[in-house]
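Data first, discussion second: the structure below is written as structure tokens.
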Amino acid sequence: MPKKFKFERLNPGTNILPSIAHAVGGTPLVDLSRLVKHFRVEGRILAKCEYLNPGFSKKDRPALQMLIEARENGALKPGQTVVERTSGNTGTGLAIACATLDHPFIAVISKGNSIERVRMMKALGARVIRVDQAPGSTPGQVTGEDQKLVVAEVERLVKKLGAFRADQFNLPAILNVHHETTGPEIIKQSGGAIDAYADFIGSGGWFGGLGAYLKAEIPGFKCYAVEPEGAESLAGNTVTKPAHVIQGGGYCLEDLMAIRDMEIDGYLSVSDGRAKECARALARYEGIFAGFSSGANVAGALELLAGNCKGKTVLVVICDSGLKYLSTGLWE
Ligand SMILES: Cc1ncc(COP(=O)(O)O)c(C=O)c1O
């Protein structure tokens, strides 16, 4: 009998770790009091700093969890190739997990995503396949149509190679990881003194997984979905502008497994300009160097503090590092 696969979670920061994958999670929760003061709103924004993970994003946790669960349940065999579509961050998390758990990894990415992401995944040992955008799409602005082309290539490769698909939109691991790690961490760090959560949605794994956990733990807890202005499909609006700069989500996909059963308490619309303004404010006033979607989450939280949640505490995720956007207009 081969030995059953087991990934032992250790407490990063208090142990010598057997691999960098063990350093995923355990991120700081930071009070954005300077930013709140700058924008003259009332209340608190607490930021879960996922950009401090080994792959510099919120997707390290679900990426690692997908492999752990698949190794544990036998869906992924030792040494089997892993394939997944990515806007860069899941791919980076998977590249790290695959390097440490010894799996070849192929990342499939739209040419619309920034080149830093491609270079980083390659450096981490991934084979990266870049897929042309749909006719009429703009580099830096990845739409649902572009994503469909990426998925088609993933499906072709999985079949051809007999690979394991680390399907970040459909595997329950993307929800489970927040019940196992992120949720308990946040309750411990905050003592549960949080009223609401605003999150920009890609797979919806963070929103659905963490949101459901916190709703169960904190009475009256509210979850607000952040969407790009003009692409507010979850809110039920007609999509007038599917292209936007907020990489990692806002794809206007019809049915997201992760949020299918989720009670959404409201919708927040954020423009490209406002996401950029808030990302810059995070860097300038808080010393937090993050990307567009982190800016969008903060913009959503500011809107809540100016309205529905005046005087309350809102949780946001700092999704990824600003270093991933040096080739974009974010820091020009
Ligand atoms: C930078 C960034 N922000 C936000 C998201 C959305 O996170 P989720 O897939 O958990 O909804 C992603 C997902 O890839 C991302 O890469």
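Heads up, the sequence shown is in this note's numbering, so the first residue is 92 and it goes up one at a time. Think of the CB as a built atom: it goes at the ideal place given N, C-alpha and C, for glycine as much as any other residue. Quick caveat: nothing in here was measured; it's all calculated off a predicted structure.
- First through last residue of the beta strand (DSSP E) which encompasses Leu137: Here the question's residue 137 lines up with position 46 in the sequence shown. Leu137 -> beta strand (DSSP E) spans 135-140.
- Message: If I follow the unbroken beta strand (DSSP E) through Arg218, where does it start and stop?
- Response: Indexing the sequence shown from 1 puts residue 218 at position 127. Start and end: 218-222.
- Asn180 Cβ short of 7 Å to ligand 1 heavy atom set: Against the sequence shown, residue 180 aligns to sequence position 89. Placement of the Cβ of Asn180 at a distance of less than 7 Å from at least one heavy atom of ligand 1 is found.
- Compute the minimum distance between the beta carbon of Trp297 and the heavy atoms of ligand 1, and state whether it is under 7 Å. Reading the sequence shown from its first residue, position 206 is the one you call residue 297. A heavy atom of ligand 1 is found nearer than 7 Å to the CB of Trp297.
- Message: With three or more beta-carbon pairs closer than 8 Å as the criterion, would you say the segment 141-157 touches the segment 248-263?
- Response: With contact defined as three or more Cβ pairs closer than 8 Å, the segment 141-157 and the segment 248-263 are in contact.
- Does any heavy atom of ligand 2 sit closer than 7 Å to the C-beta of Asp151? Ligands in the displayed structure: ligand 1; ligand 2 is not one of them.
- Message: Here's the rule: buried if 16 or more other CB atoms are within 10 angstroms of the residue's CB, otherwise exposed. What is Pro145?
- Response: As a first step, residue 145 must be located in the sequence shown, where it is residue number 54. Residue environment analysis places Pro145 among the buried positions, since at least 16 neighbouring C-beta atoms fall within 10 angstroms of its C-beta.
- Message: Does Pro319 pass the burial test, meaning 16 or more other C-beta atoms within 10 Å, or should it be called exposed?
- Response: The residue given as residue 319 occupies position 228 in the sequence shown. Buried.
- Query: By a C-beta neighbour count over all protein chains shown, 10 Å radius and 16 as the cutoff for buried, is Pro153 buried or exposed?
  - Reply: If you number the sequence shown from 1, residue 153 lands on position 62. Around the CB of Pro153, 16 or more other CB atoms lie within 10 Å, so the residue is classed as buried.
- Measure the CB-CB distance between Gly386 and Cys400 and report whether it falls below 8 Å. In the sequence shown, the residue the question calls residue 386 occupies position 295. In the sequence shown, the residue the question calls residue 400 occupies position 309. Their beta carbons are not under 8 Å apart, which means Gly386 does not touch Cys400 by this criterion.
- Query: With a Cβ-Cβ cutoff of 8 Å, do Arg176 and Val209 count as a contact?
  - Reply: As a first step, residue 176 must be located in the sequence shown, where it is residue number 85. As a first step, residue 209 must be located in the sequence shown, where it is residue number 118. Going by beta carbons, Arg176 and Val209 fall outside the 8 Å limit.
- Message: Looking at the strands, I want to know which residues DSSP matches up with Glu175.
- Response: The residue labelled residue 175 in the question sits at position 84 within the sequence shown. According to DSSP, which records beta bridges pairwise, Glu175 is partnered with Ala198.
- Coil, strand or helix - Ile409 by DSSP: Position 318 of the sequence shown, counting from 1, holds the residue named residue 409. Note: Ile409 maps to strand in three-state DSSP.
- In three-state DSSP terms, what is Thr331? Residue mapping note: residue 331 aligns to position 240 of the sequence shown, counting from 1. Three-state DSSP puts Thr331 in coil, outside helix and strand.
- Quick one: is the Cβ of Ile206 within less than 7 Å of any heavy atom of ligand 1? Translated into the one-based positions of the sequence shown, residue 206 becomes position 115. No - ligand 1 has no heavy atom lying nearer than 7 Å to the Cβ of Ile206.
- Looking at Ile187 and ligand 1, is the gap between the Cβ and the nearest heavy atom below 7 Å? Your numbering for residue 187 matches position 96 in the sequence shown. The answer is no for Ile187.
- Item | Own chain partners of Ala190 with C-beta closer than 7 Å, once the 5 adjacent residues on each side are dropped | As a working note, residue 190 is residue 99 in the sequence shown. In chain order, Leu215, Gly216 place their CB closer than 7 Å to the CB of Ala190, counting only its own chain and leaving out the 5 sequence neighbours on each side.
- Task: With a threshold of 16 other CB atoms inside 10 Å of the CB of Gly283, please say whether the residue is buried or exposed.
- Result: In the sequence shown, counting from the first residue as 1, residue 283 sits at position 192. Gly283 comes out exposed.
- Three-way DSSP call (helix, strand, coil) for Ser124 in this model: Residue mapping note: residue 124 aligns to position 33 of the sequence shown, counting from 1. Ser124 falls in the helix class under three-state DSSP.
- Give the straight-line distance between the Cα atoms of Ile379 and Lys251, rounded to the nearest whole angstrom. For the purposes of this step, residue 379 is identified with residue 288 of the sequence shown, where counting begins at 1. For the purposes of this step, residue 251 is identified with residue 160 of the sequence shown, where counting begins at 1. The straight-line gap from Cα to Cα measures roughly 43 Å.
- Item | Pairwise C-alpha distance: Pro109 and Gly295 | Counted from its first residue, the sequence shown places residue 295 at position 204. Counted from its first residue, the sequence shown places residue 109 at position 18. Between Gly295 and Pro109, the C-alpha separation is close to 31 Å.
- Message: For a test of the three-state rule: what should DSSP assign to Arg162, helix, strand or coil?
- Response: By 1-based counting over the sequence shown, the position of residue 162 is 71. DSSP, read as helix, strand or coil, puts Arg162 in helix.
- Query: Where does Ser385 fall in DSSP's three states?
  - Reply: Translated into positions along the sequence shown, residue 385 becomes position 294. Under the three-state reduction of DSSP, Ser385 is assigned to helix.
- Message: Please give the ranges of any alpha helix (DSSP H) in the segment 283-311, keeping only runs that are unbroken, at least 4 residues long and fully inside the region.
- Response: Those alpha helix (DSSP H) runs which fall completely within the segment 283-311 and span 4+ residues are 296-308.
- Query: What is the rounded straight-line gap between the Cα of Gly321 and the Cα of Val121?
  - Reply: As a working note, residue 321 is residue 230 in the sequence shown. As a working note, residue 121 is residue 30 in the sequence shown. About 31 Å.
- Item | C-alpha distance - Gln232 paired with Arg365, whole-angstrom precision | For the purposes of this step, residue 232 is taken as the residue at position 141 of the sequence shown. For the purposes of this step, residue 365 is taken as the residue at position 274 of the sequence shown. Cα to Cα, Gln232 sits roughly 16 Å from Arg365.
- What is the residue span of the beta strand (DSSP E) that Ala316 lies within? Within the sequence shown, the letter at position 225 stands for residue 316. Per DSSP, the continuous beta strand (DSSP E) segment holding Ala316 begins and ends at 313-319.
- Going by other Cβ atoms of all chains shown within 10 Å of its Cβ, with 16 needed for buried, is Gly165 buried or exposed? In the sequence shown, residue 165 corresponds to position 74, counting from 1. In this structure Gly165 is exposed. Its beta-carbon is surrounded by fewer than 16 other beta-carbon atoms within 10 angstroms.
- Task: Please work out which residues of its chain come closer than 6 Å, Cβ to Cβ, to Gln280, disregarding the five sequence neighbours upstream and downstream, and give them in chain order.
- Result: Counting from one through the sequence shown, the residue named residue 280 turns up at place 189. Contacts found: Leu120.
- Query: With C-beta atoms as the reference, is Gly170 less than 8 Å away from His194?
  - Reply: Residue mapping note: residue 170 aligns to position 79 of the sequence shown, counting from 1. Residue mapping note: residue 194 aligns to position 103 of the sequence shown, counting from 1. Yes, Cβ-Cβ distance for Gly170 and His194 is below 8 Å.
- Message: Relative to the C-alpha of Cys140, which candidate in Gly134, Val132, Glu133, Lys149 has its C-alpha closest?
- Response: Residue 140 sits at position 49 when you count from the first residue of the sequence shown. For Cys140, the closest of Gly134, Val132, Glu133, Lys149 by C-alpha to C-alpha distance is Lys149.
- Task: Tell me, please, which residues DSSP counts as bridged to Leu359.
- Result: The sequence position of residue 359 within the sequence shown is 268, counting from 1. Assignment of beta-bridge partners to Leu359 by DSSP yields Val317.
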